[in-house]
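Notes follow the structure.
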Amino acid sequence: MSARRRFLAAGLALVGLSRRMLAQMTPSPVIYAPLTRAVEVPLTAVAIPWHPVPFVAEARFQPTGAGASGAAGRRVLISGVLFRAPEALSALCITCPHEQCQVDLVTDEERLAHMAAGKAASPLFECGCHSSVFDAAADGARVSGETPRGLYRFRIAGIREGMVEINEIEKAALSEV
Amino acid sequence: MKRRLVPLVSTVSCLAAVASLVAQAPPAAPPSIQEKLYISLESTDNLAVVDLKTFKHVKTLKVGMHPHGQASPASQDKLYVAAEIGGTVTLIDTIRDQVIKTFDVGFGVEPQNGAITPDGRFLYQPSYAGYWQVFDTQKEQIVEYIHTLGIGHNTVMAPDGRFVYLLPIAGGPGHFARESLGLPRTQPTDVTVVDARAHKVVGTIPVGTGPRPGTISPDGQRLYMNVDDLMGFLVIDTAARKVISKATFTLTADEQAVRSRSHGIAVANGGKEVWSNDVVHNLTFAFDVTVTPPKQIARFPVGRQPYWIVPSKDGKTIYVNCPSSDELIAFDVLTKKEKARIQFPKGSHPTRMLTVAAPASPQRTAR
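Written as structure tokens, this is what we have:
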């Protein structure tokens, strides 16, 4: 192989590797699915940071591929919480992505210190079944434990007439919760 | 002389009367048994001891990090507690409720819920990496490895100690994030049957999906087990080594719209009933297993996310724990009513548990 060919081959390999690395480093876009009905929570209920307001949302799961059921799909009820964290509002599904147990928001400093070896700067969500931990300040991102990912997120459509409107859920949640 | 004789005669009379009373008294009661429940408080690295006579949390023992499954031999004087994160197994004296020692002999990745032969000699200790270790409790070393692949998790010992049933879970991405020690990650759909004397695999029982917790009838003829994607349990004929029936929880439309799993299963009422948990719907169900398929006879609201369930030694009480609300609940099997609850410290997360009929003193220990 000539020096020129070797140079070209190395260049192509480098480009391929760079693209792959870039793809791995760029988070895949989150796909949301609509709720059957928007959930509304009074803004005043989430005035105080870290005081979650529970709600139940409804959606339809439409399986794709072989064995997919009829057009209506499966009715899915999703438990969530809306809270102020503290700069912004956050709406998260409280079903643990590991094995469907519901997570709890832990604000007690002593427990937080135990859960995060003294490193927790803000409240965490914890799964009672297998102790997976999620960062409440980072939109439910995975911190530790058996969970393969962070908590599923709802999308907040906006605030209308003093009501926080939640209208979508991460599509990936529908087959898991 | 007369004066001296009077007290003597009265003393002899008293002694005779006492002797007569003793002779008439019913025979002395056999030395008592202390029935207790040991429960892993996973988040605090503790083992709680609950006196089942008073239903009180009477003692807390520090064990390995993130305690999980427990096993006790027929003598009931010992308890082995596996620590998931600690990677150890702690031996407890159940007579005095003291830690005897902790074994750190390379129990692999996260030792889970083992079972011990009735004579107390061999502990079948599963590892998350996909195998069971046979730990010789006399030599204090692992003497055999049995590979099932999947994730070594739950273990059921036959009442006579002839066979041990290994129930590896299939797992998912979260489970597979752990070390596999070079073993391939698979999703087993079989129960592995092992000769508990020779420590050799003698068969498998196909269950079609990932095995979950299991238990066995008092006569050893039926294995009952939760499996993935079944809200209920399978009934297995252990002699034929095949599934012969299944029980399904009756759920409302709203409950069916929320994905859940069945986890934790116990035999009650002399083998006539099987009780099992529905984790996400916060329910426990009771089934009559004298009929085929088993018939649902009761459902109970419990605490948040019931996890494990065990019977009392006489099968007349069922205990359910709920790690998300840190509760232990006792149900009367006959009346199907809740009897009492214990509230553990918030965030302690009670998970695996075992009832033990510990001898009251070492003299009664049979080994």
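Chain order of the listed sequences is D and H. For the first sequence, the working numbering assigns the number 479 to the last residue and increments by one with no breaks. For the second sequence, the working numbering assigns the number 533 to the last residue and increments by one with no breaks. Every residue, glycine too, gets a C-beta built ideally from N, C-alpha and C.
Beta-bridge partners of residue i, as assigned by DSSP
i, result
"residue 429 (chain D)", "D:405"
"residue 395 (chain D)", "D:382"
"residue 353 (chain H)", "Beta-bridge pairing links residue 353 (chain H) to no other residue."
"residue 353 (chain D)", "DSSP output for residue 353 (chain D) lists no bridge partner at all."
"residue 212 (chain H)", "H:207, H:228"
"residue 297 (chain D)", "Because chain D in this structure spans residues 303 to 479, residue 297 (chain D) falls outside the shown range and cannot be described."
"residue 519 (chain H)", "H:205"
"residue 497 (chain D)", "A question about residue 497 (chain D) goes unanswered here, because the residues of chain D that appear run from 303 up to 479."
"residue 362 (chain D)", "D:377"
"residue 509 (chain H)", "H:493"
"residue 465 (chain H)", "H:451"
"residue 525 (chain H)", "H:199"
"residue 249 (chain H)", "H:233, H:254"
Integer Cβ distance of residue i from residue j, believed to fall under 8 Å
i, j, result
"residue 380 (chain H)", "residue 320 (chain H)", "6 Å"
"residue 239 (chain H)", "residue 296 (chain H)", "About 26 Å; that fails the 8 Å criterion."
"residue 445 (chain H)", "residue 425 (chain H)", "Not a contact, Cβ separation roughly 10 Å."
"residue 401 (chain H)", "residue 455 (chain H)", "7 Å"
"residue 433 (chain D)", "residue 515 (chain H)", "7 Å"
"residue 393 (chain D)", "residue 455 (chain D)", "7 Å"
"residue 290 (chain H)", "residue 522 (chain H)", "Not a contact, Cβ separation roughly 18 Å."
"residue 451 (chain D)", "residue 444 (chain D)", "6 Å"
"residue 360 (chain H)", "residue 368 (chain H)", "7 Å"
"residue 437 (chain D)", "residue 426 (chain D)", "6 Å"
"residue 411 (chain H)", "residue 459 (chain H)", "5 Å"
"residue 433 (chain H)", "residue 390 (chain H)", "7 Å"
"residue 510 (chain H)", "residue 214 (chain H)", "7 Å"
"residue 255 (chain H)", "residue 247 (chain H)", "7 Å"
Cα-Cα separation, residue i to residue j
i, j, result
"residue 249 (chain H)", "residue 346 (chain D)", "45 Å"
"residue 382 (chain H)", "residue 356 (chain D)", "40 Å"
"residue 349 (chain H)", "residue 386 (chain D)", "45 Å"
"residue 226 (chain H)", "residue 465 (chain H)", "32 Å"
"residue 501 (chain H)", "residue 452 (chain H)", "12 Å"
"residue 237 (chain H)", "residue 441 (chain D)", "40 Å"
"residue 334 (chain D)", "residue 476 (chain D)", "10 Å"
"residue 518 (chain H)", "residue 415 (chain H)", "22 Å"
"residue 298 (chain H)", "residue 503 (chain H)", "38 Å"
"residue 396 (chain H)", "residue 385 (chain H)", "25 Å"
"residue 461 (chain D)", "residue 467 (chain D)", "6 Å"
"residue 473 (chain D)", "residue 358 (chain D)", "16 Å"
"residue 487 (chain H)", "residue 202 (chain H)", "15 Å"
"residue 499 (chain H)", "residue 472 (chain H)", "17 Å"
"residue 531 (chain H)", "residue 453 (chain D)", "Interpretation of residue 531 (chain H) is limited by its pLDDT of 46, a score under 50 that renders its predicted location unreliable; the figure taken from the coordinates is listed afterwards. Each residue's Cα considered, the two are about 50 Å apart."
"residue 313 (chain H)", "residue 282 (chain H)", "18 Å"
"residue 407 (chain H)", "residue 512 (chain H)", "43 Å"
"residue 377 (chain D)", "residue 418 (chain H)", "13 Å"
"residue 211 (chain H)", "residue 228 (chain H)", "6 Å"
"residue 310 (chain H)", "residue 292 (chain H)", "12 Å"
"residue 331 (chain D)", "residue 430 (chain H)", "38 Å"
"residue 366 (chain D)", "residue 478 (chain D)", "14 Å"
"residue 406 (chain D)", "residue 380 (chain D)", "15 Å"
"residue 398 (chain D)", "residue 339 (chain H)", "13 Å"
"residue 306 (chain H)", "residue 269 (chain H)", "8 Å"
"residue 428 (chain D)", "residue 421 (chain D)", "15 Å"
"residue 520 (chain H)", "residue 353 (chain H)", "28 Å"
"residue 284 (chain D)", "residue 391 (chain D)", "With chain D covering only 303 through 479, there is no way to say anything about residue 284 (chain D)."
"residue 439 (chain D)", "residue 467 (chain H)", "33 Å"
"residue 462 (chain H)", "residue 393 (chain H)", "18 Å"
"residue 459 (chain D)", "residue 375 (chain D)", "24 Å"
"residue 398 (chain H)", "residue 370 (chain H)", "21 Å"
"residue 231 (chain H)", "residue 245 (chain H)", "17 Å"
Exercise for the section: Identify every run of the beta strand (DSSP E) within the segment 380 to 461 of chain H, keeping only runs that are complete inside it and at least 3 residues long; order them along the chain. Expected result: Runs of beta strand (DSSP E) with 3 or more residues, each lying fully within the segment 380 to 461 of chain H, are found at 388 to 393, 398 to 403, 408 to 414, 428 to 434, 439 to 444, 449 to 454, listed in chain order.
Problem - Residues of the segment 430 to 458 of chain D whose Cβ lies closer than 9 Å to any Cβ of chain H, in chain order - result: Contact annotation: in the segment 430 to 458 of chain D, residues whose CB is within less than 9 Å of a CB in chain H are 430, 431, 432, 433, 434, 447, 448, 449, 450, 451.
Exercise for the section: Could I get the ranges of all uninterrupted beta strand (DSSP E) runs contained in the segment 279 to 339 of chain H, with 3 residues as the minimum, in chain order? Expected result: List check, beta strand (DSSP E) in window: 288 to 293, 297 to 302, 307 to 313, 317 to 323, 329 to 335.
Problem - Where the segment 369 to 396 of chain D meets chain H: residues whose CB sits under 9 Å from a CB there - result: Answer set for the segment 369 to 396 of chain D: 376, 377, 378, 379, 380, 381.
Exercise for the section: Give the residues from the segment 459 to 474 of chain H that approach chain D closer than 9 Å (Cβ to any Cβ), ordered along the chain. Expected result: If the cut-off is 9 Å between Cβ atoms, the segment 459 to 474 of chain H has 470, 471, 473 near chain D.
Practice task
Quick one: which residues of the segment 413 to 440 of chain H get their C-beta closer than 7 Å to a C-beta of chain D? List them in chain order.
Solution key: Those residues of the segment 413 to 440 of chain H that come within reach of chain D (Cβ to Cβ, closer than 7 Å) are 420, 423, 424, 425, 426, 427.
Handout entry: Members of the segment 510 to 521 of chain H near chain D, C-beta cut-off 7 Å
Key = Correct list: 513, 515.
Problem - Residues of the segment 330 to 359 of chain D whose Cβ lies closer than 8 Å to any Cβ of chain H, in chain order - result: Going along the segment 330 to 359 of chain D in chain order, one finds no residue with a Cβ nearer than 8 Å to chain H.
Exercise for the section: Check each residue of the segment 444 to 459 of chain H: if its Cβ is closer than 7 Å to any Cβ of chain D, include it; give the result in chain order. Expected result: So the close ones are 445, 446.
Exercise for the section: Compile a chain-ordered list of the residues in the segment 200 to 233 of chain H whose CB is closer than 9 Å to at least one CB of chain D. Expected result: For the segment 200 to 233 of chain H, which is checked against every Cβ of chain D, the residues closer than 9 Å are 208, 209, 210, 232.
Exercise for the section: Mind checking the segment 317 to 339 of chain H against chain D and listing, in chain order, the residues whose C-beta falls within less than 8 Å of any C-beta there? Expected result: Hits within the stretch, in order: 338, 339.
Practice task
Scan the segment 413 to 427 of chain D for residues whose Cβ lies nearer than 9 Å to a Cβ of chain H and list them as they occur along the chain.
Solution key: Of all residues in the segment 413 to 427 of chain D, 413, 416, 417 have a Cβ within less than 9 Å of some Cβ in chain H.
Handout entry: Within 9 Å of chain D by C-beta, residues of the segment 483 to 513 of chain H in sequence order
Key = So the list reads 488, 489, 490, 491, 492, 512, 513, given in the order they occur along the chain.
Problem - Contact residues within the segment 239 to 253 of chain H, judged by C-beta distance below 8 Å to chain D - result: So nothing in the stretch comes that close.
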